[in-house]
Amino acid sequence: MENHRNDGGSKLGMWLFLLSEILLFGGLFILYSVYRFQNPQIFHLAAEALNRPLGVLNTLVLLTSSLTMALSIFFLKKGSPGRSLLFLASTLFLGILFLFNKYLEWTWKVQLGIYPDAPRLLERERGEVLFYGLYYSMTGLHGLHVLVGLGILSVMLFFILKNKINHNHSVPLENTGLYWHLVDIVWIFLFPLFYLIT
Amino acid sequence: MSSFYEDEGRFRGILGWIFSTDHKRIGLLYLLAIFAFSAVGVLLGFLMRLELMAPGPTIMRPQTYNAIFTLHGVIMIFLFVIPGIPAIFGNFFLPIQVGARDVAFPRINLLSWWIYMAGAGLAVLSLFTGGGPVDTGWTFYVPYSLRTPVNVPLAVFAVFILGFSSILTGINFVTTTHQLRAPGMTWFRLPLFVWAIYATAWVQILATPVVGITLLLTLMERLAGVGIFDPLKGGDPILYQHLFWIYSHPAVYIMILPAMGIISEIIPVFAQRTIFGYKAIAFSSLAIAVVGSFVWGHHMFVSGQSDLASIIFSLLTFLVAVPSGVKVFNWVSTLYKGSIEVSPPLLFALTFIFLFSIGGLTGLFQGALATNVHLHDTYWVVGHFHYVIFGGTGFAIFGALHYWFPKMFGRRVGKKIPYLAWALLFVGFNTLYFPMLILGWEGMPRRYYDYLPQFHSLHLVSTVGSWILIAGLILMFGHLIYSLFRGEKERLENPWGGATLEWQIPSPPPRENFAEIPRVERGPYEFR
Ligand code: HEM
Ligand SMILES: [Cu+2]
Numbered sequence: 021m022e023n024h025r026n027d028g029g030s031k032l033g034m035w036l037f038l039l040s041e042i043l044l045f046g047g048l049f050i051l052y053s054v055y056r057f058q059n060p061q062i063f064h065l066a067a068e069a070l071n072r073p074l075g076v077l078n079t080l081v082l083l084t085s086s087l088t089m090a091l092s093i094f095f096l097k098k099g100s101p102g103r104s105l106l107f108l109a110s111t112l113f114l115g116i117l118f119l120f121n122k123y124l125e126w127t128w129k130v131q132l133g134i135y136p137d138a139p140r141l142l143e144r145e146r147g148e149v150l151f152y153g154l155y156y157s158m159t160g161l162h163g164l165h166v167l168v169g170l171g172i173l174s175v176m177l178f179f180i181l182k183n184k185i186n187h188n189h190s191v192p193l194e195n196t197g198l199y200w201h202l203v204d205i206v207w208i209f210l211f212p213l214f215y216l217i218t
Numbered sequence: 006m007s008s009f010y011e012d013e014g015r016f017r018g019i020l021g022w023i024f025s026t027d028h029k030r031i032g033l034l035y036l037l038a039i040f041a042f043s044a045v046g047v048l049l050g051f052l053m054r055l056e057l058m059a060p061g062p063t064i065m066r067p068q069t070y071n072a073i074f075t076l077h078g079v080i081m082i083f084l085f086v087i088p089g090i091p092a093i094f095g096n097f098f099l100p101i102q103v104g105a106r107d108v109a110f111p112r113i114n115l116l117s118w119w120i121y122m123a124g125a126g127l128a129v130l131s132l133f134t135g136g137g138p139v140d141t142g143w144t145f146y147v148p149y150s151l152r153t154p155v156n157v158p159l160a161v162f163a164v165f166i167l168g169f170s171s172i173l174t175g176i177n178f179v180t181t182t183h184q185l186r187a188p189g190m191t192w193f194r195l196p197l198f199v200w201a202i203y204a205t206a207w208v209q210i211l212a213t214p215v216v217g218i219t220l221l222l223t224l225m226e227r228l229a230g231v232g233i234f235d236p237l238k239g240g241d242p243i244l245y246q247h248l249f250w251i252y253s254h255p256a257v258y259i260m261i262l263p264a265m266g267i268i269s270e271i272i273p274v275f276a277q278r279t280i281f282g283y284k285a286i287a288f289s290s291l292a293i294a295v296v297g298s299f300v301w302g303h304h305m306f307v308s309g310q311s312d313l314a315s316i317i318f319s320l321l322t323f324l325v326a327v328p329s330g331v332k333v334f335n336w337v338s339t340l341y342k343g344s345i346e347v348s349p350p351l352l353f354a355l356t357f358i359f360l361f362s363i364g365g366l367t368g369l370f371q372g373a374l375a376t377n378v379h380l381h382d383t384y385w386v387v388g389h390f391h392y393v394i395f396g397g398t399g400f401a402i403f404g405a406l407h408y409w410f411p412k413m414f415g416r417r418v419g420k421k422i423p424y425l426a427w428a429l430l431f432v433g434f435n436t437l438y439f440p441m442l443i444l445g446w447e448g449m450p451r452r453y454y455d456y457l458p459q460f461h462s463l464h465l466v467s468t469v470g471s472w473i474l475i476a477g478l479i480l481m482f483g484h485l486i487y488s489l490f491r492g493e494k495e496r497l498e499n500p501w502g503g504a505t506l507e508w509q510i511p512s513p514p515p516r517e518n519f520a521e522i523p524r525v526e527r528g529p530y531e532f533r
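Heads up: the protein sequence lines correspond to chains A and B, in order.
In my numbering, each residue's number is its place in the first sequence (first place is 1) plus 20.
In my numbering, each residue's number is its place in the second sequence (first place is 1) plus 5.
Structure below.
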């Protein structure tokens with residue numbers, strides 16, 4: 021058997037996968053636009069009730085993690101796995117921090133009785149029910165992607181430690197980076213749509 | 006050189022199959038699974054026809070009927086025709102036809118089979134757990150799917166998983182076509198089957214996620230009551246329909262494009278004549294894939310979408326018929342002055358053209374706004390889509406089986422019995438489905454377990470048709486299975502005189518397809 025490895029192919033495959041991810045979120049963004057178009061006022065008021073500082077913090081956390089991710093790839097390719105590991109671990113840490121914040125945010129909302137199907141929520145305006153339905157679905161699906169990303173990052177960490185990926189063979193880490201940036205970009209859209217709309 | 010059957014790789018016996026990353030073995034794994042499921046689907050169709058043989062209750066209760074047509078649709082769509090040709094013949098032949106040793110990602114390829122089996126397993130599980138078999142129809146329309154007590158959550162989750170498998174297959178084929186073509190295999194030397202699978206793969210990648218998210222939301226709706234599609238909570242069920250058809254209309258191209266690719270292979274070989282209008286056929290596949298992504302609203306003419314939207318969707322629907330027509334004319338022109346040999350593969354291909362044309366033309370009736378109001382949700386539609394997907398894709402698969410059988414299994418298939426089976430299939434098919442077109446025209450609604458007495462005779466004819474059709478299926482598959490074990494050994498590399506690469510290597514192919522990667526110097530349909 022000869023070696024079937026094909027780096028250009030892996031990159032192309034990854035881009036195709038990301039394209040399908042974009043369309044997965046795309047469906048939700050379509051729903052969001054329609055419902056927001058129908059309920060502009062209510063969406064605006066509901067957005068004000070979200071925890072804006074925490075949202076800003078999380079945006080910064082995720083943006084920084086994209087930077088550390090890029091640095092990790094940069095150093096791996098330059099042949100210094102030590103620094104690559106350091107930045108990869110930072111990315112992992114920032115990802116966990118993001119999820120922790122999200123967890124806090126969700127728990128506070130739930131304590132206020134605002135979660136899907138909650139009697140208190142259903143008493144409110146229909147537009148607000150939809151707003152929170154979208155909020156939980158979209159940030160939830162995004163959070164799930166972060167969680168999966170954390171799993172992949174850990175595997176990469178392990179691979180670098182075992183020298184299974186290195187400057188000769190960095191495509192897996194690069195593809196992980198692409199995925200992580202996608203997760204970041206989705207959040208860049210989610211953040212203004214839920215926290216900043218006026 | 007030993008074939009891929011003897012050369013097992015890392016594992017032995019059954020493990021050597023279910024853990025093999027060889028694209029040919031994976032293709033055969035799919036073949037086995039897909040035909041097993043479709044046999045169940047046919048059995049369910051048979052039961053439905055028995056029930057409809059006479060008005061009133063015949064052999065089952067109404068709720069059972071609802072469950073059966075749903076299961077029939079789910080199996081036939083998500084387990085049979087959507088994966089069908091790409092997963093079986095695409096896996097087996099696409100790498101060989103582009104001159105590669107395997108697909109770009111062999112392990113992901115194997116993973117996609119496992120995911121497919123997992124999805125199928127969950128679908129089966131959904132029948133026996135929760136509230137029992139789903140009764141919503143394969144479309145899972147809200148709000149009914151939110152209210153019915155049956156096991157909708159597991160069923161939609163199963164379909165979601167199946168979609169994931171489909172996306173991975175699509176990614177594999179696009180990458181393979183881009184990256185692994187042999188030297189000299191330019192884009193316009195690709196066999197048209199590759200073009201068709203390639204166009205299909207794009208649809209798989211781009212459209213499947215949309216139904217994925219729709220089903221995921223339906224699942225969340227059931228489990229958590231999110232409210233996005235629930236009218237009681239302000240949600241809009243029409244949006245569900247939009248998202249569902251944004252995928253599911255393109256999905257009909259996932260079903261039919263690969264079939265057209267098969268026809269484009271068979272016709273030139275059995276006419277020994279270069280295909281007429283190679284580029285027109287190749288680009289019409291892409292055109293169908295692109296324009297077909299913007300016609301989904303033709304399923305929703307009576308759902309309350311705006312009139313303007315309906316008019317635009319109707320116009321675009323008529324436009325998609327053009328590239329399909331281009332193909333049909335090209336196939337027929339290829340035959341003109343060819344030295345035609347009506348072997349079973351060609352016979353099935355010609356039947357495809359005939360049945361698909363009926364399916365396509367009846368589709369135009371539905372695409373016209375005024376007639377659609379009359380025809381929507383009637384047996385006309387049931388007749389139409391069986392003509393397209395069974396008469397089209399189904400018969401193309403039969404053709405492909407006979408065409409590639411010697412290559413895949415290294416055995417010959419005789420001719421007499423396939424001719425006889427074809428006759429039964431052809432007569433049975435039209436007796437089963439043509440009456441449905443008339444029934445629908447006269448107002449018989451679909452998804453009904455009972456009907457008014459005036460529809461009795463046509464329903465009876467249709468049921469008799471199902472018996473003839475199934476007799477044909479049993480004869481054909483029985484004979485194929487017999488040939489698999491007892492057929493004469495195929496010693497020739499190229500029994501039909503084909504010019505594509507799979508015919509230049511031994512039958513069955515060796516493990517890595519080519520001893521040496523070929524250098525391609527001529528087009529796929531240049532016969533000497
Ligand atoms: C012997 C073969 C078959 C028979 C007898 C048969 C019969 C039927 C009948 C009677 C219905 C209408 C149910 C109703 O509206 O009350 C139906 C629906 C359907 N059939 Fe078939 N069929 C067969 C093969 C196929 C094949 C090969 C496919 C696809 C590849 C297919 C796809 C479907 C679909 C998608 C539906 C719609 C289910 C729904 O309404 O949710 N069938 N079939
Ligand atoms: Cu359609």
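Every residue, glycine too, gets a C-beta built ideally from N, C-alpha and C.
(message) Considering only the alpha carbon of each residue, which of B:172, B:169, B:303 and B:76 lies closest to residue 605 of chain B?
(response) Past the boundaries of the shown model lies residue 605 of chain B; chain B is included only from 6 to 533, so the question cannot be answered.
(request) Return the residues of the region 149-164 of chain A that lie within a Cβ-Cβ distance of less than 7 Å from chain C, sorted by chain order. (result) Given the protein chain composition of this structure (A and B), no chain C is represented.
(message) Here's the rule I'm using: 16 or more other beta-carbon atoms within 10 Å means buried, otherwise exposed. How should residue 214 of chain B be labelled?
(response) Along the second sequence, read from residue 1 onward, the residue named residue 214 of chain B stands at position 209. Residue 214 of chain B comes out buried.
(message) Would residue 214 of chain B pass as an interface residue toward chain A - the criterion being a Cβ-Cβ separation below 7 Å?
(response) What you label residue 214 of chain B is simply residue 209 of the second sequence in a count that begins at 1. Yes, contact with chain A.
(request) Starting from the Cα of residue 151 of chain B, find the closest Cα among B:528, B:116, B:234 and B:423 and give me that residue. (result) Taking the second sequence and counting its residues from 1, the one referred to as residue 151 of chain B is at position 146. Across the set B:528, B:116, B:234 and B:423, the C-alpha of B:234 shows the shortest separation from the C-alpha of residue 151 of chain B.
(request) Using three-state DSSP, classify residue 21 of chain A as helix, strand or coil. (result) If you number the first sequence from 1, residue 21 of chain A lands on position 1. The predicted position of residue 21 of chain A is uncertain, since its pLDDT is 35 and thus under 50; no value can be drawn from it.
(message) So for residue 411 of chain B, helix, strand or coil by DSSP?
(response) Start at 1 with the first residue of the second sequence, and residue 411 of chain B comes out as number 406. In this structure, residue 411 of chain B counts as helix in the three-state DSSP scheme.
(message) Is the separation between the beta-carbon of residue 93 of chain B and that of residue 36 of chain B shorter than 7 Å?
(response) Counting from 1 along the second sequence, the entry for residue 93 of chain B is found at position 88. Counting from 1 along the second sequence, the entry for residue 36 of chain B is found at position 31. Contact: yes.
(message) Using only CA atoms, which one of B:504, B:274, B:425 and B:371 lies nearest to residue 480 of chain B?
(response) Taking the second sequence and counting its residues from 1, the one referred to as residue 480 of chain B is at position 475. Looking at the Cα atoms, B:425 is the closest of the given residues.
(request) Starting from residue 464 of chain B, trace the alpha helix (DSSP H) both ways and give me its first and last residue. (result) Against the second sequence, residue 464 of chain B aligns to sequence position 459. Looking at the DSSP string, the run of the alpha helix (DSSP H) that includes residue 464 of chain B is 461-491.
(request) Assuming residue 470 of chain B contacts residue 445 of chain B (C-beta within less than 8 Å), just tell me the rounded distance between them. (result) As a first step, residue 470 of chain B is located in the second sequence; it is residue number 465 there, counting from the start. As a first step, residue 445 of chain B is located in the second sequence; it is residue number 440 there, counting from the start. The pair is not a contact, with the Cβ atoms about 15 Å apart (cut-off 8 Å).
(request) Please compile the residues from chain A whose C-beta is within a distance smaller than 8 Å of the C-beta of residue 102 of chain B. (result) As a working mapping, residue 102 of chain B is identified with position 97 in the second sequence. None at all; the shortest Cβ gap to chain A is about 18 Å.
(message) Between the alpha carbons of residue 164 of chain A and residue 122 of chain A, how many angstroms are there, rounded?
(response) Counting from 1 along the first sequence, the entry for residue 164 of chain A is found at position 144. Counting from 1 along the first sequence, the entry for residue 122 of chain A is found at position 102. Cα-Cα distance, rounded: 11 Å.
(request) Mark residue 396 of chain B as exposed unless 16 or more other C-beta atoms lie within 10 angstroms of its C-beta, in which case mark it buried. (result) Here residue 396 of chain B is taken as the residue at index 391 of the second sequence, counted from 1. Its Cβ being crowded by 16 or more others within 10 Å, residue 396 of chain B is buried.
(request) My understanding is that residue 303 of chain B touches residue 318 of chain B, with C-beta atoms under 8 Å, so please give their C-beta distance in whole angstroms. (result) As a first step, residue 303 of chain B must be located in the second sequence, where it is residue number 298. As a first step, residue 318 of chain B must be located in the second sequence, where it is residue number 313. At roughly 5 Å, the Cβ-Cβ gap stays under 8 Å, so residue 303 of chain B and residue 318 of chain B are in contact.
(message) So the candidates are B:366, B:389 and B:406; which of them puts its Cα closest to the Cα of residue 352 of chain B?
(response) For the purposes of this step, residue 352 of chain B is identified with residue 347 of the second sequence, where counting begins at 1. Closest by alpha carbon: B:406.
(request) Check the Cβ-Cβ distances between residue 212 of chain A and every residue of chain B, and say whether any is below 7 Å. (result) Against the first sequence, residue 212 of chain A aligns to sequence position 192. Not one chain B Cβ lies under 7 Å of residue 212 of chain A.
(request) Evaluate the contact criterion for the region 381-397 of chain B versus the region 339-352 of chain B: three or more CB pairs, one atom per stretch, below 8 Å. (result) no
(request) Mind listing the chain B neighbours of residue 54 of chain A? Cutoff is C-beta to C-beta under 8 Å, in chain order. (result) For the purposes of this step, residue 54 of chain A is taken as the residue at position 34 of the first sequence. Near residue 54 of chain A (Cβ distances below 8 Å), the residues of chain B are 241 and 244.
(request) Mind reading off the beta-carbon distance from residue 166 of chain B to residue 209 of chain B? Whole number of angstroms is fine, and I expect it under 8 Å. (result) If you number the second sequence from 1, residue 166 of chain B lands on position 161. If you number the second sequence from 1, residue 209 of chain B lands on position 204. So it is not a contact: roughly 15 Å between Cβ atoms.
(message) Counting only Cβ pairs nearer than 7 Å, list the residues of chain A close to residue 110 of chain B.
(response) By one-based count along the second sequence, residue 110 of chain B stands at place 105. The answer, in chain order, is 33.
(request) Reducing DSSP to helix, strand and coil, say where residue 219 of chain B ends up. (result) Residue 219 of chain B sits at position 214 when you count from the first residue of the second sequence. Residue 219 of chain B falls in the helix class under three-state DSSP.
(request) Give me whichever residues DSSP pairs with residue 383 of chain B in a beta bridge. (result) As a working mapping, residue 383 of chain B is identified with position 378 in the second sequence. Residue 383 of chain B pairs with B:450.
(message) Please tell me whether residue 294 of chain B has its Cβ less than 7 Å away from any Cβ of chain A.
(response) To locate residue 294 of chain B, count along the second sequence from 1; it is residue 289. Output row for residue 294 of chain B: interface = no.
(request) Taking residue 204 of chain B as the reference, give the member of B:411, B:69, B:257 and B:227 with the closest Cα. (result) One-based indexing of the second sequence puts residue 204 of chain B at position 199. Measuring from the Cα of residue 204 of chain B, the nearest candidate turns out to be B:257.
(message) Under DSSP, the alpha helix (DSSP H) around residue 392 of chain B begins and ends at which residues?
(response) Against the second sequence, residue 392 of chain B aligns to sequence position 387. No alpha helix (DSSP H) holds residue 392 of chain B; DSSP gives it neither H nor E.
(request) Counting only the same chain and skipping the five closest in sequence on each side, list residues whose C-beta sits under 7 Å from that of residue 71 of chain B. (result) Here the question's residue 71 of chain B lines up with position 66 in the second sequence. Only 140 meet the Cβ criterion.
(message) Measuring straight from C-alpha to C-alpha, what distance separates residue 5 of chain B and residue 278 of chain B?
(response) For residue 5 of chain B there is no data in the structure shown, the boundaries of chain B being 6 and 533.
(request) Rounded to whole angstroms, what's the CA-CA distance from residue 391 of chain B to residue 255 of chain B? Just pull it up for me. (result) Numbered from its first residue, the second sequence carries residue 391 of chain B at position 386. Numbered from its first residue, the second sequence carries residue 255 of chain B at position 250. For the pair residue 391 of chain B and residue 255 of chain B, the Cα-to-Cα distance works out to about 17 Å.
(message) Are there any heavy atoms of ligand 1 lying less than 6 Å away from the beta-carbon of residue 448 of chain B, as far as the coordinates show?
(response) Locating residue 448 of chain B in the second sequence gives position 443, where the first residue counts as 1. No, Cβ of residue 448 of chain B sits at least 6 Å from all heavy atoms of ligand 1.
(request) Could you tell me whether any non-hydrogen atom of ligand 2 is closer than 6 Å to the CB of residue 389 of chain B? (result) By one-based count along the second sequence, residue 389 of chain B stands at place 384. Because no heavy atom of ligand 2 lies under 6 Å away, the Cβ of residue 389 of chain B does not count as near it: no.
(request) Go ahead and pull the three-state DSSP assignment for residue 417 of chain B. (result) What you label residue 417 of chain B is simply residue 412 of the second sequence in a count that begins at 1. For residue 417 of chain B, the three-state secondary structure derived from DSSP is coil.
(message) If I follow the unbroken alpha helix (DSSP H) through residue 52 of chain A, where does it start and stop?
(response) Locating residue 52 of chain A in the first sequence gives position 32, where the first residue counts as 1. For residue 52 of chain A, the enclosing alpha helix (DSSP H) stretches over residues 27-58.
(message) So that I know if they touch, is there some Cβ in chain B lying closer than 7 Å to that of residue 40 of chain A?
(response) For the purposes of this step, residue 40 of chain A is identified with residue 20 of the first sequence, where counting begins at 1. Interface criterion met: the Cβ of residue 40 of chain A is under 7 Å from a Cβ in chain B.
(request) Buried or exposed for residue 22 of chain A, please, with buried defined as at least 16 other CB atoms from any protein chain shown within 10 angstroms of its CB. (result) Position 2 of the first sequence holds residue 22 of chain A. The pLDDT assigned to residue 22 of chain A is 40, lower than 50, so where the model puts this residue is not dependable; a value taken from the coordinates is nonetheless given after this. Exposed, by the Cβ-count rule.
(request) Report all residues from its chain with a CB closer than 8 Å to the CB of residue 450 of chain B; omit the five preceding and five following residues, and keep chain order. (result) The count along the second sequence starts at 1 and reaches residue 450 of chain B at position 445. Closer than 8 Å at the Cβ level, and outside the excluded window around residue 450 of chain B, lie 382, 383 and 384.
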